[in-house]
Amino acid sequence: MKITENVPIKELTTMRLGGPARYVLEVNNPSEIPEAYEFAKSKNLPIFILGGGANTIARDEGFNGVIVRNTMTGIKSAGVTDLEGVPHGTFSDVGEEKVRQDPRRYIITAMAGEVWDNVVAFACERGLTGIEALSKIPGLAGAAPVQNIGAYGQELADTFVSAEVYDSKTNEFKTLNKSDFGFSYRKSILNSTEKNRYFVVSITLELQPGEMQKPFYNSIEKYIETHNITDFSPQSIRNIVTAIRADKLPDPAKIPSAGSFFKNIYLTKEQAEDAEKKGYPVYKGHDGLKINSGWLIEQAGFSDKLLHGIRVNKKAALVLINESAKSYDDLAKARTEIIEAVKNKFGYTLEQEPNEI
Ligand SMILES: Cc1cc2nc3c(=O)[nH]c(=O)nc-3n(C[C@H](O)[C@H](O)[C@H](O)COP(=O)(O)OP(=O)(O)OC[C@H]3O[C@@H](n4cnc5c(N)ncnc54)[C@H](O)[C@@H]3O)c2cc1C
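FYI, in the numbering used here the residues of the sequence shown are 267 to 623.
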């Protein structure tokens, strides 16, 4: 287990803000996870688990605690009947496949420290559908269930089977099944009722050979029409999503952001009828009725605006870019201005998506 001290959190998160963390521990094997909790306990400090830092922001005062990062990588696949044999631990046989025993269902297990997009690539290369629209979401596999990542009509919960976790309450490794996670839009027990309790060690998904079923998400449909695409294989949809994202979203390796800074607004049937009467665009997604918060932000006049060093992204107003903010306080001021303006104009309260250390 690697231990470093006084590490600036801005170097660990894609928003590139935040003061020093007292300790940063790196675990590269599940057996080191209990040791990390012991370490924090011995210092009487709290723990924050960090993946790629793509959905996390930190304050200027930093974190007087222990940040635990993980470098446990590996992806493994198996026919469903092999599921019993999927072991805990870092896989030594990355990429090695067992014989498919059921051609309609396919199991993939990824270690928490694996880059999420490598998991998507792994599935697409094998012609497996279920997560191709989640291509290029930044971050690590272990964080994917935390907010039930979603994009372009798919979300993790659609294919999620289970996760191996370390339970810091009972100090044991266990398996949590999909039904334990309480998944909904950008939500699971990991970011709500059981926040900070479980360390995800690996996630297991069930995919299928084949193609994504129509109707496709609007922007995918548009891209297909404009480019005359007739191949809807997982790899082709992955290429389409990659192109759409490259056009609209900042690359976190080059431009600091935490992706969507606000959640979309989900409405009841009555609220949706009321919104439609007022002329607001209501979308009927497979997960319910919603208003795109990016639209609200644009209509409130913020598109491409620079607020305290924070740029409201021109092509996707939900995304706030740290162009020249000097501190978390700058971000907080920009956040407040946007929330208040949207509230005053539309009556909706925007909710922040990224977690705070
Ligand atoms: C440009 C950009 C585009 C984005 N687009 C999307 C998108 O389309 N859809 C979407 O859903 N999200 C999107 N995001 C947000 C982000 O990519 C996801 O939330 C992703 O899952 C974060 O992964 P991470 O490893 O960076 O998580 P981190 O930011 O490191 O952590 C996020 C949360 O998960 C917890 N966590 C991390 N690892 C573990 C673990 N092993 N066990 C338990 N808890 C853990 C952390 O404590 C924290 O609370 C985008 C972000 C950026 C910067």
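No residue lacks a Cβ here, since even glycine has one placed at the ideal position from N, Cα and C. If you're wondering where the values come from, they're calculated on a predicted model, not measured in any experiment.
*Put P547 into one of helix, strand or coil per three-state DSSP.*
Here residue 547 refers to the residue found at position 281 when the sequence shown is read from its first residue. Under the three-state reduction of DSSP output, P547 falls in the coil class, being neither helix nor strand.
_Every unbroken alpha helix (DSSP H) inside the segment 523–581 [4 residues or more]_ = Counting only runs of 4 or more, we get 535–543, 559–565.
*Within its chain, find whatever has a CB closer than 7 Å to the CB of I269; leave out the 5 residues flanking it on each side and keep chain order.*
Locating residue 269 in the sequence shown gives position 3, counting from the first residue. Excluding positions up to five away in sequence, the list reads Y289, L291.
*asked:* DSSP three-state label for F439, please.
replied: Taking the sequence shown and counting its residues from 1, one reaches residue 439 at position 173. In the structure shown, the three-state DSSP call for F439 is strand.
_My assumption, with CB atoms under 8 Å, is that A407 sits in contact with A376. Please give the rounded CB distance._
Position 141 of the sequence shown holds residue 407. Position 110 of the sequence shown holds residue 376. Distance from A407 to A376 at the Cβ level is roughly 4 Å; contact confirmed, criterion being Cβ atoms closer than 8 Å.
*Give every residue of the same chain whose Cβ lies closer than 6 Å to the Cβ of R504, excluding the five residues on either side of it in the sequence, and list them in chain order.*
The residue labelled residue 504 in the question sits at position 238 within the sequence shown. Excluding positions up to five away in sequence, the list reads C390, E398, S401.
*asked:* For V467 and G405, what's the separation of their Cα atoms in angstroms?
replied: Along the sequence shown, one-based indexing puts residue 467 at 201. Along the sequence shown, one-based indexing puts residue 405 at 139. Spanning the alpha carbons of V467 and G405 requires a straight line of approximately 15 Å.
_Between the CA atoms of N437 and P235 - distance to the nearest angstrom_ = Outside the displayed span of the chain (267 to 623) sits residue 235, for which this structure offers no information.
*Check I605 in the structure and name its three-state DSSP category.*
The residue you call residue 605 lines up with position 339 of the sequence shown. Three-state DSSP puts I605 in a helix.
_Tell me whether A340, by its Cβ, gets closer than 8 Å to a heavy atom of ligand 1._
Here residue 340 refers to the residue found at position 74 when the sequence shown is read from its first residue. Looking at the sequence itself, residue 340 is Gly, so the reference to Ala does not match. No, since every heavy atom of ligand 1 falls outside the 8 Å radius drawn around the Cβ of G340.
*Check Y483 in the structure and name its three-state DSSP category.*
Counting from 1 along the sequence shown, the entry for residue 483 is found at position 217. Residue state for Y483 is assigned as coil, using DSSP reduced to three classes.
*Measure the beta-carbon distance from D596 to I576 and round it to whole angstroms, keeping in mind my assumption that it falls under 8 Å.*
On the sequence shown, position 330 is the one that residue 596 refers to. On the sequence shown, position 310 is the one that residue 576 refers to. Confirmed, about 6 Å.
*asked:* Please classify G351 as buried or exposed, where buried requires at least 16 other C-beta atoms within 10 Å of its C-beta.
replied: As a first step, residue 351 is located in the sequence shown; it is residue number 85 there, counting from the start. For G351, the predicted model reports a pLDDT of 41, less than 50, meaning its position is unreliable; a value from the coordinates is still stated below. Classification of G351: exposed, given that the 10 Å Cβ count is below 16.
*Can you tell me which of the three DSSP states T339 falls into?*
Taking the sequence shown and counting its residues from 1, one reaches residue 339 at position 73. Here T339 sits in coil by DSSP.
*Bounding residues of the alpha helix (DSSP H) (the contiguous stretch that carries Q501)*: Along the sequence shown, read from residue 1 onward, the residue named residue 501 stands at position 235. Per DSSP, the continuous alpha helix (DSSP H) segment holding Q501 begins and ends at 500–514.
*Just reading off the alpha helix (DSSP H) that V385 is part of, what are its end residues?*
The sequence position of residue 385 within the sequence shown is 119, counting from 1. Residues 382–391.
_Using a 10 Å radius around the Cβ and a threshold of 16 neighbouring Cβ atoms, would you call G416 buried or exposed?_
Walking along the sequence shown from the start, residue 416 turns up at place 150. Of the residues assessed, G416 falls on the buried side of the cut-off, its CB having 16 or more other CB atoms within 10 angstroms.
_DSSP three-state label for G331, please._
What you label residue 331 is simply residue 65 of the sequence shown in a count that begins at 1. Note: G331 maps to strand in three-state DSSP.
*asked:* Just to check my reading of the structure: L584 and I557 have Cβ atoms closer than 8 Å, yes? What is that Cβ distance to the nearest angstrom?
replied: The residue given as residue 584 occupies position 318 in the sequence shown. The residue given as residue 557 occupies position 291 in the sequence shown. That pair is no contact at about 12 Å.
*Take I521 and list the residues in its own chain whose beta-carbon comes closer than 7 Å to its own, dropping the five residues that flank it on each side.*
Within the sequence shown, residue 521 is the residue found at index 255, counting from 1. Leaving aside the five residues that flank I521 on each side, the residues in its chain whose CB is nearer than 7 Å to its CB run, in chain order, I587.
*Hey, could you find the ends of the beta strand (DSSP E) E460 is sitting in?*
As a first step, residue 460 is located in the sequence shown; it is residue number 194 there, counting from the start. Unbroken run through E460: none, as it is neither H nor E.
_Need the endpoints of the alpha helix (DSSP H) that Y303 sits in, please._
What you label residue 303 is simply residue 37 of the sequence shown in a count that begins at 1. Y303 -> alpha helix (DSSP H) spans 298–309.
*Could you pull out every residue in the same chain whose Cβ sits closer than 7 Å to the Cβ of Y303, ignoring the five residues on either side in sequence?*
Position 37 of the sequence shown holds residue 303. Excluding sequence positions up to five before and after Y303, its CB lies within less than 7 Å of the CB of I313, S434, all in the same chain and listed in chain order.
_Cβ-heavy atom distance, G228 to ligand 1, below 8 Å_ = It is not possible to answer for residue 228, since the shown part of the chain is limited to 267 through 623.
*asked:* Taking DSSP's pairing of strands, which residues face V273 in a bridge?
replied: As a position in the sequence shown, residue 273 is number 7, starting the count at 1. Beta-bridge pairing links V273 to A287.
*Where does D424 land, buried or exposed, given buried means 16+ other C-beta within 10 angstroms?*
The residue you call residue 424 lines up with position 158 of the sequence shown. By the neighbour-count rule (16 or more Cβ atoms within 10 Å), D424 is buried.
*With distances taken between CB atoms, is the gap from A378 to G328 smaller than 9 Å?*
The residue given as residue 378 occupies position 112 in the sequence shown. The residue given as residue 328 occupies position 62 in the sequence shown. Taking 9 Å as the Cβ cut-off, A378 and G328 do not qualify as a contacting pair.
*Output yes or no for whether 9 Å exceeds the beta carbon distance between G305 and V273.*
As a first step, residue 305 must be located in the sequence shown, where it is residue number 39. As a first step, residue 273 must be located in the sequence shown, where it is residue number 7. One point to set straight first is that residue 305 is Phe, not Gly, in the sequence displayed. No, these two residues do not count as a Cβ contact at 9 Å.
_When I323, N294, A607 are compared against L573, the one with the closest alpha-carbon_ = By 1-based counting over the sequence shown, the position of residue 573 is 307. Looking at I323, N294, A607, the one whose alpha-carbon comes closest to that of L573 is A607.
*Indicate, with yes or no, if ligand 1 has a heavy atom lying under 8 Å from the CB of S485.*
Locating residue 485 in the sequence shown gives position 219, where the first residue counts as 1. No, Cβ of S485 sits at least 8 Å from all heavy atoms of ligand 1.
*At a cut-off of 8 Å, is P518 close to ligand 1 when judged by its beta-carbon and the heavy atoms of the ligand?*
Here the question's residue 518 lines up with position 252 in the sequence shown. A distance criterion of 8 Å places the beta-carbon of P518 in contact range of ligand 1, judged by its closest non-hydrogen atom.
_Can you find the residues in the same chain that come closer than 6 Å, C-beta to C-beta, to S450, ignoring five residues on each side of it along the sequence?_
The sequence position of residue 450 within the sequence shown is 184, counting from 1. Around S450: no qualifying Cβ.
*Residue from D497, K307, S593 whose Cα sits closest to the Cα of G284*: Your numbering for residue 284 matches position 18 in the sequence shown. For G284, the nearest C-alpha among the options comes from S593.
_Proximity test, P300 beta-carbon vs ligand 1 heavy atom, cut-off 8 Å_ = Within the sequence shown, numbered from 1, the residue matching residue 300 stands at position 34. P300 Cβ: outside cutoff for every heavy atom of ligand 1.
_In this structure, how does DSSP classify F449 when only helix, strand and coil are distinguished?_
For the purposes of this step, residue 449 is identified with residue 183 of the sequence shown, where counting begins at 1. In the structure shown, F449 sits in coil (DSSP, three-state: anything other than H, G, I, E or B).
*Secondary structure of D433, DSSP reduced to three states*: The residue you call residue 433 lines up with position 167 of the sequence shown. The three-state reading of DSSP puts D433 in strand, counting E and B together.
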